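Take the sequence shown: its position 379, counting from 1, is numbered 379 in full-length UniProt numbering, and each next residue is one higher.
A virtual CB, placed ideally from N, CA and C, is assigned to each residue, including glycine.
It should be emphasised that the depicted structure is a prediction, and the values quoted were computed from it without experimental measurement.
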Amino acid sequence: MFMFKSNLERVVLEREYATKLQLLAKKLSDKKSKKMAALVIGTEPTKSWDENTLRQNTLDQAYSQFIVSMNDTAQDHITLADALSMQITDALRATIKRHDDTNRKQMQHFSKLLSERDRVYSDRLKYKQKYDEKCSEVELYRQKQERSADDRHAERAAKQYEQQQADMHNSKNIYLIGTAVANSVKAKFYDSDLPSLEDQFQELQTDLLIKFTKIMVHAQALESSHLDNLKSRVAAAETAFNAIAPLQDQNIFIDHNIRSFFAPPDFVFEPCGVYYDTFAQSEMSIEPAPKVYLQNRLSRCRRKLEELDPILRSKKVDVEKLGKLVPAYAQDHSLGNAEEVADNYLEADHQLTFFGTSERILTTEVETISQALGGDEGQQCPHTFKSTSFSIPTQCGYCKSTIWGLSKQGKTCKVCGISVHSKCELKVPADCPGSQGGAPRSTPHPSAGSTSQAPASRTISTITASHSRASSVSVTPTPSSFAHTDASIHLSEESSLNARVVYDYTPTSPFELAITEGQSVEVLEEDDGSGWIKVADATGGSGLVPASYIEAIDEPASVQPLQPLPTINRASKPQMGPKKNYGIPDPILSPSWVSYEHTKLTTFFFLQGEQIELTSGPSGGQSYSDDWWEGIDSSGKKGIFPSNYVREHAYADEAMVADSAAC
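And the structure:
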């Protein structure tokens with residue numbers, strides 16, 4: 001404020017006595033004439049005004065009286081100048097600094113509100129783009145199905161078309177949800193957040209004027225006590241400053257700045273231009289596959305609301321209590337630091353605002369989905385999925401494709417053991433047998449961490465999921481953690497894995513990439529069992545390389561080994577698997593160069609249908625470890641193999657035949 005500079009100048013002029021003090025009074029009068037109009041009625045008033053309008057402002061009146069008082073106190077002594085320097089100027093400096101800091105925080109809060117609103121708007125546009133892409137893909141698959149009607153691949157084309165339709169419906173549902181969320185957030189922004197922020201700015205301005213008034217009143221009190229002959233003049237200035245009425249001055253400003261305002265119209269569903277949607281434009285798809293997705297999403301939103309409710313109630317109580325403390329501390333400074341209490345109040349209110357936004361998003365999703373489902377919410381026995389890394393190929397319980405890799409590409413239910421891709425999590429029906437009211441699953445998926453007791457000489461086969469024991473991290477909930485959008489969910493599921501090259505490799509086809517020992521590469525596609533992996537180097541090149549020629553260097557922190565780590569014999573290069581074939585998967589073979597230091601036992605080579613006899617003893621067979629078993633193959637060779645690669649055969653006790661993938 002220009003009053004702060006004026007007080008600094010006044011201290012200097014007081015020491016130079018009357019002549020300079022009169023010069024300062026004139027300068028203040030000029031500044032007042034230039035800036036008071038903007039302070040009283042704003043820079044762009046919507047109503048005509050004159051000098052009488054300015055004189056109605058209590059701050060203008062007090063400031064005018066202050067200038068008169070300065071002209072009348074041209075005979076002040078140096079003692080008064082010292083008092084003003086220590087008790088008035090420093091106080092003004094601190095007040096202005098705190099006001100600027102608080103105002104900056106408010107502006108940052110406003111920017112965050114805008115960013116949060118724009119993020120929701122942007123997510124809606126992303127959903128729209130995704131929906132359009134899915135519609136285009138449906139049209140392409142439809143044309144493909146028509147072309148292959150009499151072909152031997154007609155059935156596969158029909159299945160692909162049905163799956164693509166389901167994906168398109170999911171994209172549409174997500175788009176409709178995003179539209180509803182955007183409308184809800186928009187309404188909250190303009191009906192609640194923005195008015196609340198304006199009220200806070202008004203309160204800050206009121207607080208600034210009140211503190212400024214107190215400081216100036218104290219300045220006049222110093223003059224009154226030090227200069228008895230100027231008491232009458234000081235009393236006039238003191239009266240003027242005490243007469244400052246922030247509410248009255250703000251009403252004058254408001255009266256001269258009234259403008260019409262209309263909230264933006266609601267968002268609406270925009271149909272795709274390349275796909276004819278047979279449903280109504282505002283109707284969500286509730287066919288079997290999309291309905292399962294909606295039911296799971298509804299269940300997750302309700303769980304989030306249950307977690308958010310106690311936090312929201314606690315924040316409301318905090319805001320209410322702090323709101324009562326602010327005026328009490330402002331009136332009685334003996335209670336404590338009033339400024340700290342005011343800062344705490346604003347911070348608590350900001351947090352409540354964002355938690356309220358999360359509640360609005362979740363509530364809107366629940367209402368939108370519930371209305372679409374019409375009471376058909378499924379069994380509501382949700383799976384307890386947990387992010388999992390898969391060290392061996394595992395079939396997805398939904399799409400039946402392979403899950404494999406250490407970059408957390410899938411999730412596993414901690415109760416029933418079913419494993420799915422992260423993208424398939426919400427597509428799986430909520431019928432977990434371990435949940436309350438759930439029906440038992442006919443063929444549960446065993447987890448790698450479970451141990452089953454069986455007779456000593458039983459044969460086992462079949463690949464199952466290898467579940468990592470991921471550590472769970474407890475974090476303090478934040479507003480955004482309760483309302484993740486689908487865009488943020490899918491982004492969080494993508495992660496990269498870096499690896500180091502351990503052997504040189506020269507490509508033999510255009511699809512392969514040249515690598516050198518010690519080079520760092522990024523894994524694009526992990527080994528699907530063929531022995532080949534797709535990587536990218538620092539120059540932007542990408543291609544296939546033998547999976548055994550690289551090693552991971554930054555595995556996710558939550559991944560823990562399921563068994564003792566193998567050591568690689570670097571005396572000779574490992575044998576490469578067959579070239580990667582994207583049409584027919586190759587059999588999966590465990591490399592013979594992997595050994596285990598603590599047992600010196602090698603892993604098996606065995607193919608589908610081969611018999612394996614479990615060894616006996618306290619450390620043999622299934623007792624070898626949780627994830628590795630010991631057995632004897634058909635040639636009499638003794639070794640260990642992953643327990644999740646095999647399963648017990650149903651019709652033989654002493655000698656049984658493996659009937660799944662090779663190890």
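So what does residue i bridge to, in DSSP terms?
| i | result |
| --- | --- |
| D431 | C381 |
| A395 | Here residue 395 turns out to be Gln, not Ala, going by the sequence shown. Bridge partners of Q395: T402. |
| H350 | Looking at the DSSP assignment, H350 forms no beta bridge with any residue, so it has no partner. |
| T412 | K386 and S419 |
| E320 | Partner(s): none; E320 has no beta bridge. |
| K315 | BP columns for K315 are empty, so no partner. |
| residue 664 | Residue 664 lies beyond the range of the chain shown here (1 to 663); nothing can be said about it. |
| K638 | I632 |
| R500 | S520 and E551 |
| G543 | V535 |
| I515 | Y505 |
| L614 | G631 |
| E525 | K534 |
If you drop the 5 nearest sequence neighbours on each side, which residues of the same chain put their C-beta closer than 7 angstroms to that of residue i?
| i | result |
| --- | --- |
| A37 | L54 |
| N57 | V40, D249 and I252 |
| V120 | V181, A182 and V185 |
| V217 | E238, F241 and N242 |
| W49 | I41 and H256 |
| D349 | V319 |
List the whole-angstrom C-beta distance separating residue i from residue j, where the pair is believed to meet the contact cut-off of C-beta under 8 angstroms.
| i | j | result |
| --- | --- | --- |
| A237 | Q22 | Contact doesn't hold; Cβ gap of about 16 angstroms is too wide. |
| G178 | D132 | Not confirmed; about 13 angstroms, so no contact. |
| F269 | L176 | 6 angstroms |
| A552 | A514 | Not confirmed; about 20 angstroms, so no contact. |
| V138 | Y275 | 6 angstroms |
| P393 | A430 | That pair is no contact at about 26 angstroms. |
| A18 | M70 | So it is not a contact: roughly 11 angstroms between Cβ atoms. |
| K128 | D167 | Actually they are not in contact, since the Cβ atoms of K128 and D167 sit about 15 angstroms apart, beyond 8 angstroms. |
| Q331 | Q200 | Not quite, the Cβ-Cβ distance comes to about 20 angstroms (not below 8 angstroms), so this is no contact. |
| I67 | I215 | Between I215 and I67 the Cβ distance is about 17 angstroms, and since that is not below 8 angstroms, they are no contact. |
| T73 | L230 | 5 angstroms |
| T516 | D504 | 5 angstroms |
| H99 | L204 | 7 angstroms |
Out of the options, point me to the one whose CA is closest to residue i's CA.
| i | options | result |
| --- | --- | --- |
| A240 | E146, C381, D60 and C416 | D60 |
| residue 688 | P264, Q250 and Y398 | Residue numbering for the chain in the displayed model covers 1 to 663; residue 688 lies beyond these limits and cannot be assessed. |
| S358 | D332, I311, K324 and H333 | I311 |
| Y549 | G541, S520 and A538 | S520 |
| I96 | T213, H153 and Y127 | T213 |
| D90 | S111, I418 and A219 | A219 |
| S635 | P642, S623, Y624 and E610 | E610 |
| R297 | G631, G621, G378 and E198 | G378 |
| E347 | G434, Q108, G620 and R303 | Q108 |
| D277 | F262, D332, T206 and N173 | N173 |
| D255 | G42, T615 and T508 | G42 |
| G356 | P327, V319 and N71 | V319 |
| V317 | Q351, P288 and E306 | Q351 |
| S85 | S6, I369, T368 and E51 | S6 |
| T363 | D527, I215, L305 and A263 | L305 |
| C272 | R152, L125 and F385 | L125 |
| S29 | Q202, Y63, L614 and N52 | Y63 |
Going by beta carbon distance, what residues of the same chain come within less than 8 angstroms of residue i, once the five residues before and after it are set aside?
| i | result |
| --- | --- |
| N337 | Y329 |
| G518 | R500 and V501 |
| Y161 | V138, Y141, R142, K144 and Q145 |
| I403 | F390, P393, T394, Q395, C396, Q409, G410, S419, V420, H421 and A465 |
| L373 | I286, K291, L294, Q295 and L298 |
| S542 | L513, L524, K534, V535 and A536 |
| P45 | H256 and N257 |
Suppose the cutoff is 6 angstroms on Cβ atoms and the five residues either side in sequence are ignored; what does the same chain contact list for residue i look like?
| i | result |
| --- | --- |
| Y293 | N170, L426 and K427 |
| G437 | Bear in mind that a pLDDT of 48 at G437, under 50, signals an unreliable position, so the number given afterwards is only what the model happens to contain. Counting only Cβ-Cβ distances below 6 angstroms, and skipping sequence neighbours, we find C381. |
| Q165 | V138 |
| residue 724 | In the structure as shown, the chain begins at 1 and stops at 663. Residue 724 is therefore absent and cannot be evaluated. |
| R300 | none |
| V523 | L497, A499 and V535 |
| T384 | C413, K414 and V415 |
Are the C-beta atoms of residue i and some chain D residue less than 8 angstroms apart?
| i | result |
| --- | --- |
| Q22 | No chain D appears in the structure shown, which is made up of a single protein chain. |
Hey, would you say the C-beta of residue i is under 7 angstroms away from at least one heavy atom of the ligand GTP?
| i | result |
| --- | --- |
| E339 | Annotation note on the ligand GTP: not contained in the displayed structure, which lists no ligands. |
For this session: Count the CB pairs spanning the region 184–198 and the region 102–117 that are closer than 8 angstroms, and state whether there are at least three.
Result: Yes: the two stretches touch, three or more of their Cβ pairs being nearer than 8 angstroms.
For this session: Tell me, please, whether the region 333–347 touches the region 141–157 by the rule of three or more beta-carbon pairs shorter than 8 angstroms.
Result: The way I'd put it, the region 333–347 doesn't touch the region 141–157; fewer than three beta-carbon pairs between them come closer than 8 angstroms.
For this session: Determine contact between the region 10–17 and the region 223–234, defined as no fewer than three beta-carbon pairs at a distance below 8 angstroms.
Result: Contact between the region 10–17 and the region 223–234 is absent, because fewer than three Cβ pairs lie under 8 angstroms.
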